[in-house]
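Chemist:
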Amino acid sequence: MPSTGILKHPMEQEVNASLKKRHSIISGRSDFWSSSDEDEGVQPHEKAIAAGQPNPPYCVRNIEQHELGRREIQIAEQEMPGIMALRARAKDDKPLKDAKIVGCTHINAQTAVLIETLAALGATVRWAACNIYSTQNEVAAALAHAGFAIFAWRGESEEAFWWCIDQCAAPSAGWQPNMILDDGGDATHLMLKKHAATFKQIKGIVEESVTGVHRLYQLSKAGKLCVPAMNVNDSVTKTKFDNLYSCRESIIDALKRSTDLMFGGKQSVVCGYGEVGKGCCQALKALGCVVSLVTAHINK
Ligand SMILES: NC(=O)c1ccc[n+]([C@@H]2O[C@H](COP(=O)([O-])OP(=O)(O)OC[C@H]3O[C@@H](n4cnc5c(N)ncnc54)[C@H](O)[C@@H]3O)[C@@H](O)[C@H]2O)c1
Numbered sequence: 003m004p005s006t007g008i009l010k011h012p013m014e015q016e017v018n019a020s021l022k023k024r025h026s027i028i029s030g031r032s033d034f035w036s037s038s039d040e041d042e043g044v045q046p047h048e049k050a051i052a053a054g055q056p057n058p059p060y061c062v063r064n065i066e067q068h069e070l071g072r073r074e075i076q077i078a079e080q081e082m083p084g085i086m087a088l089r090a091r092a093k094d095d096k097p098l099k100d101a102k103i104v105g106c107t108h109i110n111a112q113t114a115v116l117i118e119t120l121a122a123l124g125a126t127v128r129w130a131a132c133n134i135y136s137t138q139n140e141v142a143a144a145l146a147h148a149g150f151a152i153f154a155w156r157g158e159s160e161e162a163f164w165w166c167i168d169q170c171a172a173p174s175a176g177w178q179p180n181m182i183l184d185d186g187g188d189a190t191h192l193m194l195k196k197h198a199a200t201f202k203q204i205k206g207i208v209e210e211s212v213t214g215v216h217r218l219y220q221l222s223k224a225g226k227l228c229v230p231a232m233n234v235n236d237s238v239t240k241t242k243f244d245n246l247y248s249c250r251e252s253i254i255d256a257l258k259r260s261t262d263l264m265f266g267g268k269q270s271v272v273c274g275y276g277e278v279g280k281g282c283c284q285a286l287k288a289l290g291c292v293v294s295l296v297t298a299h300i301n302k
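Residue numbers 3 to 302, in the working numbering, belong to the letters of the sequence shown in order.
(1) Which residue or residues does DSSP assign as beta-bridge partners of R128?
(2) What span of residues does the beta strand (DSSP E) with Q203 cover, start to end?
(3) Answer with buried or exposed for G153, where buried requires no fewer than 16 other C-beta atoms within 10 angstroms of its C-beta.
(4) For K280, I'd like the list of residues in its chain whose CB is within less than 7 Å of its CB, leaving aside the five on either flank, ordered along the chain.
(5) With the cut-off set at 9 Å, would you say S211 and N235 are in Cβ contact?
(6) Heavy atom of ligand 1 less than 8 Å from the Cβ of N245, yes or no?
(7) I'd like to know if the stretch 77–93 and the stretch 154–162 are in contact, where contact means that at least 3 CB-CB pairs between them fall below 8 Å.
(8) Does DSSP classify D168 as helix, strand or coil?
(9) Would you kindly work out how many angstroms separate the C-alpha atoms of S36 and E118, rounded to a whole number?
(10) Would you check if the stretch 122–133 and the stretch 46–53 touch, i.e. whether three or more CB-CB distances between them fall below 8 Å?
(11) Tell me which same chain residues have a C-beta within less than 8 Å of the C-beta of V238, skipping the five on either side of it?
(12) DSSP on T297, reduced to helix/strand/coil?
(13) K102 and G124 look like a contact to me (Cβ under 8 Å); what is the Cβ gap, rounded to whole Å?
(14) Do G187 and L218 count as a contact pair if the criterion is CB distance below 9 Å?
(15) Hey, N139 and Q220 are a contact pair by Cβ (cut 8 Å); roughly how many whole angstroms apart?
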């Protein structure tokens, strides 16, 4: 018989459940809305294949989550005035009307705004996640509900990860991709290895990550990069904006979620004083940390 001190009052359990739900909403995580399939570890594409649909129009964790995802996308739209202005200005001209884009990025509310902007400008897209952990399931559901070919869920297996990308990269009767928007190089490499003839038809690749750009340089040196590729990672808007301002927020978010600690008074060490290091120093200092810096040189 446990002591009465361990037993929880029903009201306390209710409050805890409410807090857990609120935390899920605030942190953008969808644990609260997980289907039982997620708990059982069933991968959605296994269900599609078992149901005799090896090439479904989309594959997400739970389409019923779409309303929450749409609200998150609407909030993101308010925070992205540049891309929304572009959407308003170019939607009638449809400058991307012949673009057939294979996308492979993190799938979150901000990427959803990008995807819907590309479509508004005339592009046809098929999109998979570049990371098995980062997909916001409710956002993927909202995109799928809006008719986009989205193949992504949080907690993809390795095999599911490649299956999702292949659903986008593989040519079919109604789908001949001609552009790649990549973050990490996996879509590029899958298409090059598995669909070489389609890869040759690609008009251009844009690559966002350090790793992906490195892989493109390797391909180029080996003489295998037969299509133009753009290094988005080294653009000024990435290095001077994203690296500084985004990492300034995401570093704290990641450290807090993983450690669940208060940071005031903690002694922290930042290695490197590029744009990322600068943002990290600012964020840690703002939380009251004592910040030490180790760097080879100070970037201007
Ligand atoms: N997670 C993300 O979203 C994200 C985004 C951008 C960059 N990054 C990563 O963050 C890191 C820093 O990016 P950045 O754009 O600020 O790079 P950067 O090249 O502008 O700056 C790197 C800094 O590290 C210093 N440095 C290099 N070698 C060192 C060593 N051995 N000891 C101490 N200092 C050293 C350099 O002097 C420089 O100040 C990179 O690894 C990059 O890939 C992550």
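For every residue, glycine included, the Cβ atom is placed at its ideal position computed from N, Cα and C. Values in this document were obtained by computation on a predicted structure and should not be read as measured data.
Modeler: In terms of the structure at hand:
(1) Within the sequence shown, numbered from 1, the residue matching residue 128 stands at position 126. Beta-bridge pairing by DSSP links R128 to V104, A151.
(2) The residue given as residue 203 occupies position 201 in the sequence shown. Neither: Q203 is in no beta strand (DSSP E) and is coded neither H nor E.
(3) Counting from 1 along the sequence shown, the entry for residue 153 is found at position 151. What sits at residue 153 in the sequence shown is Phe, not Gly. Classification for F153: buried.
(4) The residue you call residue 280 lines up with position 278 of the sequence shown. Excluding residues up to 5 positions away in sequence, L246 lie with their Cβ nearer than 7 Å to the Cβ of K280 in the same chain.
(5) To locate residue 211, count along the sequence shown from 1; it is residue 209. To locate residue 235, count along the sequence shown from 1; it is residue 233. Yes, these two residues count as a Cβ contact at 9 Å.
(6) Numbered from its first residue, the sequence shown carries residue 245 at position 243. Under cutoff, so the answer is yes.
(7) When Cβ pairs closer than 8 Å are counted between the two stretches, the stretch 77–93 is seen not to touch the stretch 154–162, the count staying below three.
(8) Working through the sequence shown from its first residue, we reach residue 168 at position 166. It is helical.
(9) In the sequence shown, the residue the question calls residue 36 occupies position 34. In the sequence shown, the residue the question calls residue 118 occupies position 116. Its pLDDT being 37, under 50, S36 is placed unreliably in this model, and the value from its coordinates should be taken loosely. Taking the straight line joining both Cα atoms gives about 25 Å.
(10) Contact between the stretch 46–53 and the stretch 122–133 is absent, because fewer than three Cβ pairs lie under 8 Å.
(11) As a first step, residue 238 must be located in the sequence shown, where it is residue number 236. Hits under 8 Å: none found.
(12) Position 295 of the sequence shown, counting from 1, holds the residue named residue 297. T297: strand per DSSP, three-state reduction.
(13) Start at 1 with the first residue of the sequence shown, and residue 102 comes out as number 100. Start at 1 with the first residue of the sequence shown, and residue 124 comes out as number 122. That pair is no contact at about 11 Å.
(14) Locating residue 218 in the sequence shown gives position 216, where the first residue counts as 1. Locating residue 187 in the sequence shown gives position 185, where the first residue counts as 1. Cβ distance < 9 Å, so L218 and G187 count as in contact.
(15) Here residue 139 corresponds to residue number 137 of the sequence shown, with the count starting at 1. Here residue 220 corresponds to residue number 218 of the sequence shown, with the count starting at 1. Incorrect: roughly 34 Å between the Cβ atoms, too far for contact.
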